[in-house]
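Below is one structure; the comments refer to it alone.
Protein chains in written order, with the numbering used here: chain A, 113 to 339; chain B, 1209 to 1264; chain C, 12 to 254.
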């Protein structure tokens, strides 16, 4: 172990990622705008049949959120792998797993958490009642964090691949289907005014499960593709 | 064989395609595996012809 | 203590064992499949509810089983490659993927053809078929990832890791799809397959299961031979073997 403690090193990596992220605000905003555009497509495609839209709203919201957070995953390790920063970080003595945790958390703060903040806007447009907002936001927060962990594995596996963006989606989306099921179900129940704790617990369990295992898998993936 | 056998109690158009497809998938597996092995063999032979006796 | 295993798992011995085993496995497979097909189609009594349509089970159930089994083999042998650095693990994993994927497609198509008379539609988002579809996506992901790398050794390891991650997810996916489907029960989704089955129906099914397993093993060993040649093309024994 070098001079800096593990927690402090993680904090430094998170701070660095956030600073880099806010230096390029367009990259931060693009997924959010994508989220808004996709949800706009549905009312247009459904020819304003608003009753149908209201029934579909939780599913539409969740699919759009999944696709939007996939967009930025590609960049999770790419630039740091290309310019050698990742190897430097890995050699810093804190282990690749800690670096992966820090980078993924920072990524979630700039993508998933941002989606949660924008979601009331989208939800209003989709005629989701205000009473459902807390459950919707909680499910999106848990789900997007889980997706970030799964995405870290996928990004680690495809970091050495040219044009790995489509491949990344191909790998991550099947793994993310349980999230969509429970997340949309929780939102749907909240919209219908019934108890949504069941699916929320499932989302929480998935989040804890991936948070404990995925960092190791993602670090192993990076070791495979970088060494 | 009686006509009843081929009619499969009215379900002929579901049962027979299933078995035909199963046969097709089994045959494809055999064909593809043979081709896979033969292609690998040819690749080694070509390398050998270009560089006989060499340890590459 | 493990030297015998390493010797057994060395490329030349794998190549030789696979060559000897293939014809026997294939002969057994064809026998079992022939018996199962004839007995299942011609002699097993029709089901009292599904009539003759139930006979689709004789190809659907074995292929659905193989689709899962092929994935398990791919993940376990891939993990063996990753953990113990046994190269032949990757060869078996790479050989298993296309076979398993082809049987996943067969299970999907036969399941859908079975669904038409039972549900009145080819696709009813039945939980088992939905899980099977996601399994196909997982197969496609693993195979695409392997071929995406220019360095085959890297592709092998990346695909192995993804297969292991997928195996951890398979029960979660299966369970969540089942939970999701239970939400809109009451629709006319009939359960496929029967827990209790008289012997006259069961024997052909068991024979088909055995036959498909043997067939899988035969095709696997054929493909493994090709994979061994691809991976060991620089070594002297391979050059001697193909001459």
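Yeah, the Cβ is synthetic: ideal placement off N, Cα and C, and Gly gets one too.
For chain A, check one thing: does any of its Cβ atoms lie closer than 8 Å to the Cβ of residue i?
{"i": "residue 151/C", "result": "yes"}
{"i": "residue 156/C", "result": "yes"}
{"i": "residue 205/C", "result": "Annotation note: pLDDT 49 at residue 205/C (below 50); position unreliable, coordinate value reported separately. So no, residue 205/C is outside the interface."}
{"i": "residue 114/C", "result": "no"}
{"i": "residue 197/C", "result": "Confidence in residue 197/C is poor, its pLDDT being 41 and thus under 50, which makes the residue's placement unreliable; the coordinate value appears in the next sentence. Chain A, which has no Cβ nearer than 8 Å to the Cβ of residue 197/C, makes this no."}
{"i": "residue 180/C", "result": "yes"}
{"i": "residue 191/C", "result": "yes"}
Using 8 Å for Cβ pairs, my map puts residue i next to residue j. What's the rounded Cβ distance?
{"i": "residue 299/A", "j": "residue 251/A", "result": "6 Å"}
{"i": "residue 210/A", "j": "residue 122/A", "result": "6 Å"}
{"i": "residue 51/C", "j": "residue 66/C", "result": "6 Å"}
{"i": "residue 81/C", "j": "residue 44/C", "result": "Rounded, the Cβ-Cβ distance is 17 Å, inconsistent with contact."}
{"i": "residue 305/A", "j": "residue 174/A", "result": "Actually they are not in contact, since the Cβ atoms of residue 305/A and residue 174/A sit about 19 Å apart, beyond 8 Å."}
{"i": "residue 30/C", "j": "residue 235/C", "result": "Rounded, the Cβ-Cβ distance is 10 Å, inconsistent with contact."}
Within a Cβ cutoff of 6 Å, which residues of the same chain sit near residue i, ignoring the five residues on either side of it in sequence?
{"i": "residue 128/C", "result": "64"}
{"i": "residue 204/A", "result": "none"}
{"i": "residue 212/C", "result": "55"}
{"i": "residue 327/A", "result": "209, 212 and 213"}
{"i": "residue 57/C", "result": "63"}
{"i": "residue 203/C", "result": "The pLDDT assigned to residue 203/C is 49, lower than 50, so where the model puts this residue is not dependable; a value taken from the coordinates is nonetheless given after this. There are no such residues."}
{"i": "residue 245/A", "result": "232"}
Spell out the partners DSSP gives residue i in its beta bridges.
{"i": "residue 62/C", "result": "58/C"}
Give the single residue among the options whose Cα lies nearest to the Cα of residue i.
{"i": "residue 1251/B", "options": "235/C, 244/C and 248/C", "result": "244/C"}
{"i": "residue 332/A", "options": "21/C, 90/C and 69/C", "result": "90/C"}
{"i": "residue 239/A", "options": "326/A, 124/A and 162/A", "result": "162/A"}
{"i": "residue 152/A", "options": "142/A, 280/A, 307/A and 172/A", "result": "172/A"}
{"i": "residue 162/C", "options": "242/C, 120/C and 34/C", "result": "242/C"}
{"i": "residue 150/C", "options": "183/C, 170/C, 96/C and 25/C", "result": "170/C"}
{"i": "residue 1228/B", "options": "73/C, 83/C, 117/C and 26/C", "result": "117/C"}
{"i": "residue 155/A", "options": "236/A, 243/A, 274/A and 291/A", "result": "236/A"}
{"i": "residue 39/C", "options": "227/C, 254/C, 144/C and 247/C", "result": "227/C"}
{"i": "residue 316/A", "options": "287/A, 243/A, 256/A and 263/A", "result": "256/A"}
{"i": "residue 1212/B", "options": "53/C, 83/C and 222/C", "result": "53/C"}
{"i": "residue 114/C", "options": "1248/B, 1223/B, 1233/B and 1220/B", "result": "1233/B"}
{"i": "residue 178/A", "options": "324/A, 329/A and 291/A", "result": "291/A"}
{"i": "residue 258/A", "options": "325/A, 126/A, 201/A and 138/A", "result": "325/A"}
{"i": "residue 73/C", "options": "238/C, 217/C, 240/C and 210/C", "result": "217/C"}
{"i": "residue 146/A", "options": "131/A, 176/A, 166/A and 169/A", "result": "176/A"}
Please work out which residues of its chain come closer than 7 Å, Cβ to Cβ, to residue i, disregarding the five sequence neighbours upstream and downstream, and give them in chain order.
{"i": "residue 32/C", "result": "232"}
{"i": "residue 190/A", "result": "271"}
{"i": "residue 185/C", "result": "142"}
Does any residue of chain C have a CB that is nearer than 8 Å to the CB of residue i?
{"i": "residue 1248/B", "result": "yes"}
{"i": "residue 1258/B", "result": "no"}
{"i": "residue 1235/B", "result": "no"}
{"i": "residue 286/A", "result": "yes"}
{"i": "residue 316/A", "result": "no"}
Closer than 8 Å by C-beta to residue i: which residues in its own chain qualify, once you throw out the five before and the five after it? Chain order, please.
{"i": "residue 153/C", "result": "85, 108, 170, 173, 174 and 177"}
{"i": "residue 198/A", "result": "189, 192, 211, 334 and 338"}
{"i": "residue 143/A", "result": "180, 181, 183, 184, 223, 226 and 227"}
{"i": "residue 247/A", "result": "298, 299, 301, 302, 308 and 312"}
{"i": "residue 61/C", "result": "128 and 129"}
Tell me, please, whether the CB atom of residue i is closer than 8 Å to any CB atom in chain B?
{"i": "residue 57/C", "result": "yes"}
{"i": "residue 25/C", "result": "no"}
{"i": "residue 137/C", "result": "no"}
{"i": "residue 163/C", "result": "no"}
Given a limit of 9 Å on CB to CB distance, which residues of the region 79-109 of chain C reach chain D?
No chain D is present in this structure, whose protein chains are A, B and C.
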